[in-house]
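Working notes, structure below.
Protein chains: 2
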Amino acid sequence: MAQPTRVTAAFIIIGNEILSGRTQDANLAFLAQRLGETGIQVVEARVIPDIEQTIIDTVRELAVRVDYVFTSGGIGPTHDDITADAIARAFGTETFEHPEAVAILERHYAEGEFNPARRKMARVPRGASLLENPVSSAPGFKIENVHVLAGVPKIMQAMVDMLLPSLAGGAVVESRTITVLIGESVIATEMGDVEAAFADIDVGSYPYFKPGASGTSIVLRGSNIAMLDEALATITAKLEARGIEIWAGDHK
Amino acid sequence: MAQPTRVTAAFIIIGNEILSGRTQDANLAFLAQRLGETGIQVVEARVIPDIEQTIIDTVRELAVRVDYVFTSGGIGPTHDDITADAIARAFGTETFEHPEAVAILERHYAEGEFNPARRKMARVPRGASLLENPVSSAPGFKIENVHVLAGVPKIMQAMVDMLLPSLAGGAVVESRTITVLIGESVIATEMGDVEAAFADIDVGSYPYFKPGASGTSIVLRGSNIAMLDEALATITAKLEARGIEIWAGDHK
């Protein structure tokens with residue numbers, strides 16, 4: 003049987019406000035979950051400042067390393083929105099005013115509201131295709147394997163949902179979780195044994211600490227579902243054999 | 003007058019659970035704010051998986067590029083906690099059982115609770131010094147300019163607060179914010195003009211969208227406080243000259 007393909011993605015969060023701690027990113031978790039359901043694994047995320055050369059270098063480095071690159075931030079109407087120009091340069095080209103983007107923006111804004119700053123949002127790299135923005139209309143764009151999205155979470159996330167059907171995914175990684183009410187060190191051997199016994203299954207150990215209810219969530223992840231469920235049955239049996247109650251989870 | 007020094011940091015978030023979207027990172031914003039108050043600017047953050055070679059490559063790349071590197075995640079007692087070994091290898095060394103770390107853990111755990119898995123948490127790279135963990139005792143460590151912290155936010159953040167006084171900061175970047183109840187495109191010219199007129203001031207434009215209260219926060223940032231306040235006065239005057247009401251902020 004052919005192995006299902008592994009399809010990878012990187013996410014570049016462009017924005018001084020995230021790096022300064024003024025704003026908490028909310029887009030990585032959303033993107034990673036949505037892509038995961040489509041069979042695309044986010045293998046790296048970077049938060050970088052609004053500096054043209056940094057954007058160029060980061061896009062060039064990641065675009066050859068993964069199947070899909072996504073960026074968020076810096077495609078608005080103001081002086082600090084430099085993403086489109088930087089990405090054009092990363093691909094050795096320049097931006098131009100895309101006629102379809104102008105038409106979209108003209109339709110969106112009321113008479114007299116389509117000012118010169120907003121017109122800047124119609125500029126995309128030569129060779130790029132537009133990505134639909136169902137919230138505020140100003141489109142993102144795609145050039146080569148790089149998908150350029152807005153930074154505002156409501157807009158970014160709607161754009162992701164619009165473009166998802168156009169992406170070719172590979173093997174979907176599923177997860178199985180069980181939670182026990184004891185510390186992770188007490189069951190470290192069992193988890194390590196299962197990780198070693200099931201080569202394609204990733205066993206994650208996530209301790210949590212709440213007043214009166216500390217414990218460990220064991221998260222098994224893999225794209226071979228039969229093997230995943232076998233690993234789940236194995237860890238469950240190992241814990242039950244030690245008399246450890248499984249408090250919640252996907253076990254039968 | 004000598005320019006105050008610019009001191010930089012990078013943050014490496016190590017964890018499959020952040021990349022899969024299962025867990026939302028909460029440490030970047032905290033670290034960036036705390037470091038910022040100390041005069042250390044976070045210039046890049048990366049989220050990477052629990053893969054040894056990726057950790058090694060990322061640490062090596064960033065350690066030579068910034069003044070301080072911080073990592074979070076992967077220093078617990080289980081098989082997927084590979085950060086200490088990976089960072090040892092990044093610096094061409096190996097981990098060993100640090101006697102002081104053993105003593106700290108022995109004091110922390112009740113009789114019979116200091117099991118072999120927990121003992122793993124006493125292993126740090128040769129040449130590393132320990133970083134105090136006031137929450138769960140298991141120490142982090144520092145090797146060269148790399149500070150290795152826990153991933154659980156409550157623990158990570160307490161460790162940051164413990165080590166902050168030992169860090170040498172540079173120029174503190176302050177910010178001034180004013181908020182107007184109009185879209186950013188309408189005041190794009192004024193913001194661009196101020197950015198151009200004040201070379202060392204970064205002018206950020208952050209639109210927000212709420213039912214009935216959309217607007218723009220203009221955030222000025224810089225370490226030259228006199229210049230920062232002059233830039234604030236300038237943008238305020240430019241907006242008021244156009245009859246635009248400043249709804250909230252640091253203006254007089």
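Protein chains in written order, with the numbering used here: chain A, 3 to 254; chain B, 3 to 254.
For each residue, glycine too, the CB sits at the ideal point set by N, CA and C.
Under the three-pair Cβ rule at 8 Å, the region 100-116 of chain A does not count as touching the region 65-72 of chain A. Contact between the region 195-215 of chain B and the region 223-233 of chain B is present: three or more C-beta pairs spanning the two stretches fall below 8 Å.
With its beta carbon at least 8 Å from every one in chain B, Gln55(A) lies outside the interface. For the pair Arg8(B) and Ala250(B), the CB atoms are not nearer than the 8 Å cut-off. Proximity to Phe93(A) across Glu99(A), Ile57(A), Gly76(A) and Ile42(A) peaks at Ile57(A), based on C-alpha coordinates. Here Leu234(A) is not near Thr40(A), since their CB atoms are 8 Å or more apart.
Excluding sequence positions up to five before and after Ser138(B), its CB lies within less than 7 Å of the CB of Ile157, all in the same chain and listed in chain order. With a cutoff of 8 Å on beta-carbon distance, Val162(B) and Arg36(B) are scored as near each other.
By the criterion of at least three beta-carbon pairs nearer than 8 Å, the region 10-22 of chain A is in contact with the region 44-61 of chain A.
Interface residue (Cβ-Cβ distance to chain A less than 8 Å): Lys156(B) is classified as such. DSSP, reduced to helix, strand and coil, places Phe200(A) outside both helices and strands of the structure shown, so it counts as coil. Residue environment: Arg120(B) is assigned as buried (16 or more neighbouring CB atoms within 10 Å of its CB, all protein chains considered). Against His253(A), chain B offers no close residue; the least beta-carbon distance is about 18 Å (beta-carbon pairs closer than 7 Å). Judged by beta-carbon spacing, Met229(A) lies beyond the 8 Å limit of His81(B), meaning their Cβ atoms are not closer than that value.
The straight-line gap separating the alpha-carbon atoms of Ala130(A) and Thr85(B) is approximately 40 Å. For Val175(A), same chain residues with a beta-carbon under 7 Å away, outside a window of 5 residues either side, are Gly38, Gln43, Arg223, Gly224 and Ser225 in chain order.
Closer than 9 Å at the C-beta level to chain A, one finds these residues of the region 13-40 of chain B: Phe13, Ile15, Gly17, Asn18, Glu19, Ile20, Leu21, Ser22, Gly23, Arg24, Thr25, Gln26, Asp27, Ala28, Leu30, Ala31, Phe32, Leu33, Ala34, Gln35, Arg36, Leu37 and Gly38. Judged by beta-carbon spacing, Ile180(A) lies beyond the 8 Å limit of Ile246(A), meaning their Cβ atoms are not closer than that value.
Under DSSP, no beta-bridge partner is assigned to Arg91(B). Partner residues in the beta bridge of Ser177(A), as assigned by DSSP, are Arg223(A). Per the C-alpha coordinates, the member of Glu19(A), Ser219(A) and Phe32(A) positioned closest to Gly23(B) is Phe32(A). Around Ile50(A), the beta-carbon contacts reaching into chain B at under 9 Å are Val45, Glu46 and Ala47. The C-alpha of Asp83(B) is placed about 14 Å away from the C-alpha of Thr218(A). Each of Asp52(A), Lys212(A), Glu96(A) and Ala34(A) was checked against the Cα of Gly171(A), and the nearest Cα belongs to Ala34(A).
Taking 7 Å as the cut-off between beta carbons, the residues of the region 119-134 of chain B near chain A are Ala119 and Arg120, in sequence order. In this structure Arg67(B) is exposed. Its beta-carbon is surrounded by fewer than 16 other beta-carbon atoms within 10 angstroms.
Sixteen is the threshold: when 16 or more other Cβ atoms of the shown chains lie within 10 Å of the Cβ of Phe143(A), as they do, the residue is buried.
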